[in-house]
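K.L.:
Input: one structure, supplied below.
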Amino acid sequence: MSDRPPARRQARPIRLGPRSVAALVLVGALGLAALTWPFFSGPTSQVGAHAKDAPWLFAGLLVLLVGVVAATISESGLGPKAVAMLGVLAATGAALRPIGAGTAGIEPMFFLMVLSGRVLGPGFGFVLGSVTMFASALLTGGVGPWMPFQMLSMGWFTMGAGLLPGPDRLRGRGELAMLAAYGFLAAFAYGTFMNLAGWPFMDALSSSVAFDAHDAVHANLARFVAYCLATSLGWDLGRATVTVVLTLTLGATVLRALRRATRRAAFETPVTFGDPGRDRGGDEDAAPVTSPGRTL
1 MSDRPPARRQ
11 ARPIRLGPRS
21 VAALVLVGAL
31 GLAALTWPFF
41 SGPTSQVGAH
51 AKDAPWLFAG
61 LLVLLVGVVA
71 ATISESGLGP
81 KAVAMLGVLA
91 ATGAALRPIG
101 AGTAGIEPMF
111 FLMVLSGRVL
121 GPGFGFVLGS
131 VTMFASALLT
141 GGVGPWMPFQ
151 MLSMGWFTMG
161 AGLLPGPDRL
171 RGRGELAMLA
181 AYGFLAAFAY
191 GTFMNLAGWP
201 FMDALSSSVA
211 FDAHDAVHAN
221 LARFVAYCLA
231 TSLGWDLGRA
241 TVTVVLTLTL
251 GATVLRALRR
261 ATRRAAFETP
271 VTFGDPGRDR
281 GGDEDAAPVT
291 SPGRTL
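Written out as structure tokens, the structure is:
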């Protein structure tokens, strides 16, 4: 018989319900279609002829992203404590992003997103990733047609950390190793998604690795791989390396802090309001007794 105490179930500030899951699936499918459409358009396809319409698609995607966030928040009943934590983490992430601006791949924001998604769950992770990227775009002046895809990709990135196995039992070095491996792979995935967002709009006449709507699908795939190797590999490797190093060195401390804050916030404990005078024998002048999650 094991003497190990039972694992404590982690509180979740946002629990994904049916509407939220449906909205996430819808936006995810649309986002993937908008990112990968060059690989489904052959030389005779009419898809490539509508490349100039992409900004409208981006605007529509941004509207859907906002709708997903709103649906997730409204269905979960996001309380003031969760809103406060969302604001603090999003502000911290947005402040961390400009630290490595102009330096190849030094983006410490990604490490915070991985750990936050792990502790606070996939629902909160998607909202946090999207809001953080939106806030950082406003902070750095990076608002443009690429921003909806940055929000979507960072939402996926952070949500994926919340879907990793063993959230209630896995701790210590094993958990840090798993988070570091996830951060490494997800950093490359994020870079690939962002390459897909911009690559189709390069001028095929000015570069041999640009998307050519009149070329075969396999030829464009080869062009895209060459484009990633030539332009973003160094940035993606730097981002992945920084995420791994920060996760292994600071991850244990940040995870403890996030879990402690989550326990104290008691997101899933209902708060009720009673009559302090009645609870204390009719002495209405006495100070009310407070207990987290109980009568106030």
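Per full-length UniProt numbering, residue 1 is the first one in the sequence shown, and the count goes up by one each step. Backbone N, C-alpha and C define an ideal beta-carbon position, used for all residues, glycine too.
1) Starting from Pro148, follow the alpha helix (DSSP H) in both directions and report where the run begins and ends.
2) Whole angstroms are fine: how far does the CA of Phe134 sit from the CA of Ser232?
3) Under the assumption that Thr158 contacts Phe126 (Cβ atoms under 8 Å), give the Cβ distance between them as a whole number of angstroms.
4) What are the boundary residues of the alpha helix (DSSP H) that Gly172 is part of?
5) Mapping the DSSP letters down to three states, classify Phe211 as helix, strand or coil.
6) Since I believe Leu176 is in contact with Thr247 (beta carbons under 8 Å), could you give me their beta-carbon distance rounded to a whole number of angstroms?
7) Have a look at Ala257 and Ala84 and give me their C-alpha separation to the nearest angstrom.
8) Tell me which residues share the same chain as Leu16 and place their Cβ nearer than 6 Å to its Cβ, disregarding the 5 neighbours each side in the sequence.
9) So which of Arg239, Ala213 and Met178 has the shortest CA-CA distance to Gly191?
10) Report buried or exposed for Leu139, applying the criterion of at least 16 other Cβ atoms within 10 angstroms of its Cβ.
11) Going straight from the alpha carbon of Thr92 to that of Ala216, what length do you get?
12) Check whether the Cβ atoms of Ser130 and Leu61 lie closer than 7 Å to each other.
13) Tell me whether Phe273 sits in a helix, a strand or coil according to DSSP, three-state version.
14) If contacts are defined as beta-carbon pairs under 8 Å, then Leu115 and Val225 qualify, I think. What distance do you get, rounded to the angstrom?
P.N.:
Looking at the atomic coordinates:
1) Sequence index remark: in the sequence shown, residue 148 carries index 148 (1-based). That run of the alpha helix (DSSP H) goes Met147 to Gly162.
2) Along the sequence shown, one-based indexing puts residue 232 at 232. Along the sequence shown, one-based indexing puts residue 134 at 134. The straight-line gap from Cα to Cα measures roughly 22 Å.
3) Looking up residue 158 in the sequence shown gives position 158. Looking up residue 126 in the sequence shown gives position 126. Right, their Cβ atoms sit about 6 Å apart.
4) What you label residue 172 is simply residue 172 of the sequence shown in a count that begins at 1. No alpha helix (DSSP H) contains Gly172, which DSSP labels as neither H nor E.
5) Here the question's residue 211 lines up with position 211 in the sequence shown. Note: Phe211 maps to coil in three-state DSSP.
6) If you number the sequence shown from 1, residue 247 lands on position 247. If you number the sequence shown from 1, residue 176 lands on position 176. Confirmed, about 6 Å.
7) As a first step, residue 257 must be located in the sequence shown, where it is residue number 257. As a first step, residue 84 must be located in the sequence shown, where it is residue number 84. CA-to-CA, the gap between Ala257 and Ala84 works out to about 15 Å.
8) Residue 16 sits at position 16 when you count from the first residue of the sequence shown. Closer than 6 Å at the Cβ level, and outside the excluded window around Leu16, lie Gly123.
9) Position 191 of the sequence shown, counting from 1, holds the residue named residue 191. Here the closest residue by C-alpha is Arg239.
10) Here residue 139 is taken as the residue at index 139 of the sequence shown, counted from 1. Around the beta carbon of Leu139, a 10 Å sphere encloses fewer than 16 other beta carbons of the protein chains shown; the residue is thus reported as exposed.
11) Translated into positions along the sequence shown, residue 92 becomes position 92. Translated into positions along the sequence shown, residue 216 becomes position 216. Going from the Cα of Thr92 to the Cα of Ala216 covers about 45 Å.
12) Here the question's residue 130 lines up with position 130 in the sequence shown. Here the question's residue 61 lines up with position 61 in the sequence shown. No, these two residues do not count as a Cβ contact at 7 Å.
13) Taking the sequence shown and counting its residues from 1, the one referred to as residue 273 is at position 273. The pLDDT assigned to Phe273 is 48, lower than 50, so where the model puts this residue is not dependable, and the model offers no usable value.
14) As a working note, residue 115 is residue 115 in the sequence shown. As a working note, residue 225 is residue 225 in the sequence shown. Contact check for Leu115 and Val225: beta-carbon distance about 31 Å, past the 8 Å limit, so the pair fails to qualify.
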